[in-house]
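Engineer: Following the numbering used here, the numbering of the sequence shown begins with 1077 at its first residue and continues without gaps. Ideal Cβ placement from N, Cα and C applies to all residues, glycine included. Just so we're clear, the structure is a prediction, and the values are computed from it rather than from any experiment. Mind having a look at this structure? Questions to follow.
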Amino acid sequence: MSLFVLGTASHVGKSTVVAAVCRALSNRGITVAPFKAQNMSLNSYVTRDGAEIGIAQAMQAFAARLDPGAEMNPVLLKPKGDQVSQVVLMGRPYKDLPISSYYQETGELLSCAVRAARSLIGRYGHIVAEGAGGAAELNLYDRDIANIRIERELRLPIILVADIERGGVFAQVYGTLELLPPDIRPLVRGIIINKFRGDPALFADGIRIIEDLCGVPVLGVLPYLSLPLPSEDSLSIGDKKIQDRPVRIAVIRLPRISNFTDFECLERSATVVYVSPGFPLTGYDCIIIPGTKNTVDDLRVMQESGCAQEIRAARERGIPIIGICGGYQMLGREVIDDGVESCRGRYEGLGLLNVVTRFSRYEKTTEQ
């Protein structure tokens, strides 16, 4: 049987629950595929055939013991700034759209998502779908292709996930269920309480209260776990626990930082600190400028905040400076934009590498 995992809010643990369900079913010999109609993330994964999907869906595919594919995340939004996102459709760049224009295209995007979901069901038999953000966003019901509109097409049994760590779990669950559209609420078959600290037996009365209030069974109470799983977006940077280790690495927290999951492997053996432009860069053994969805705009932020000057001063002290993707481009003498990322123009880089970068229309993604 296929399932749809919805949440009471963002960051309640939907992605982790979907991955856990995929692995549990796979362990029982049941083939399932993960699915998320629409994801918004700058941390993406490139499949074997060069398609780009959200990194969470790739992680879930591995949990299901499958190769990640574009149908698992047919619509990926990659924010570029100024309320504009790059729309990646079935793994390929589609177009850049401001949010107002994007909403005008949700009908076509929904059709694509429905086809992808049904294709996965036809191929694997079952899917474990994941919603986005909170399920009960009343102002978005008519254009919410990640939750309500896709559910109206697929009619999957729903599991609702709530985060007890942040408090207010009763209001989360009861409020969400009461606000769901009348045709969707009966599809909610169970509730999961996530991120509980302590002995779950202490929440026995809470389970009874929720079940009495909502008329929906609580399927389980999951403990708070600090799992080394890839992060979806920059909001999770603030949730990271900084480990005190001898080697200290500063990663510049650019406004449009992307693919910062590249650095999570460093956290196993070094103190990794995400430093916003304008804050001091002293006391670090290495400084990394990460990738960004808009090199020119973030380069401008670094220069205006004094971060560029701090990086040059650190290099003069002998501190290694590493640039990855957009960060590498910033380290050069100049960035020339032909109107691909920002306005046409030539932009001065940090001048630490004898490199000039020109942005043109060609773009290629590969798995490495």
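Starting from T1358, follow its DSSP beta bridges and name the residues at the other end.
Structural biologist: Paired residue(s): none; T1358 is not in a bridge.
Engineer: Would you kindly work out how many angstroms separate the C-alpha atoms of F1279 and L1298, rounded to a whole number?
Structural biologist: Near 11 Å, if we compare the C-alpha coordinates of L1298 and F1279.
Engineer: In the DSSP assignment, find the unbroken beta strand (DSSP E) run with T1433 in it and report its ends.
Structural biologist: Segment 1432-1435, the beta strand (DSSP E) holding T1433.
Engineer: Can you give me the Cβ contacts of P1174 inside the same chain, cut-off strictly under 6 Å, excluding the 5 residues immediately before and after it?
Structural biologist: Here the set comprises Q1159, V1160.
Engineer: Label T1025 either buried or exposed according to how many other C-beta atoms from any shown protein chain fall within 10 Å of its C-beta, with 16 as the threshold for buried.
Structural biologist: Outside the modelled stretch of the chain, which goes from 1077 to 1444, sits residue 1025, for which no answer is possible.
Engineer: How many Å lie between T1092 and R1422 at the Cα?
Structural biologist: In a straight line, the C-alpha of T1092 is about 43 Å away from that of R1422.
Engineer: Within a Cβ cutoff of 7 Å, which residues of the same chain sit near V1164, ignoring the five residues on either side of it in sequence?
Structural biologist: So the qualifying residues of the chain are E1128, L1152, K1154, Y1170.
Engineer: Quick check on E1227: buried or exposed, where buried means 16 or more other Cβ atoms within 10 Å of its Cβ?
Structural biologist: Flag for E1227 reads buried.
Engineer: Should Q1444 go down as buried or exposed, given a rule of 16 or more other Cβ atoms within 10 Å for buried?
Structural biologist: Caution applies to Q1444, whose pLDDT of 45 falls short of 50 and renders its modelled position unreliable; the model cannot decide the point.
Engineer: Buried or exposed: which applies to N1215, given that a residue is buried once 16 or more other Cβ atoms fall within 10 Å of its Cβ?
Structural biologist: Exposed: under 16 other Cβ atoms inside 10 Å.
Engineer: What would DSSP say about Q1444, mapped onto helix, strand or coil?
Structural biologist: At Q1444, the pLDDT of 45 sits below 50, so the modelled position is not reliable; the number obtained from the coordinates is stated separately. Correct three-state label for Q1444: coil.
Engineer: Within this structure, are the beta carbons of I1448 and R1391 separated by less than 8 Å?
Structural biologist: The shown model of the chain, from 1077 to 1444, leaves out residue 1448, and the question about it has no answer.
Engineer: Using 8 Å as the cut-off, can you tell me whether the stretch 1281-1289 makes contact with the stretch 1254-1265, which would need three or more C-beta pairs spanning the two stretches below that distance?
Structural biologist: Output reads no: the stretch 1254-1265 does not touch the stretch 1281-1289.
Engineer: Whose CA, out of M1148, I1224, A1212, R1225, lies closest to the CA of A1193?
Structural biologist: Checking every option, the nearest Cα to that of A1193 belongs to M1148.
Engineer: Less than 8 Å between the beta carbons of C1188 and P1144, yes or no?
Structural biologist: It is not a contact, given that the beta carbons lie outside the stated cut-off.
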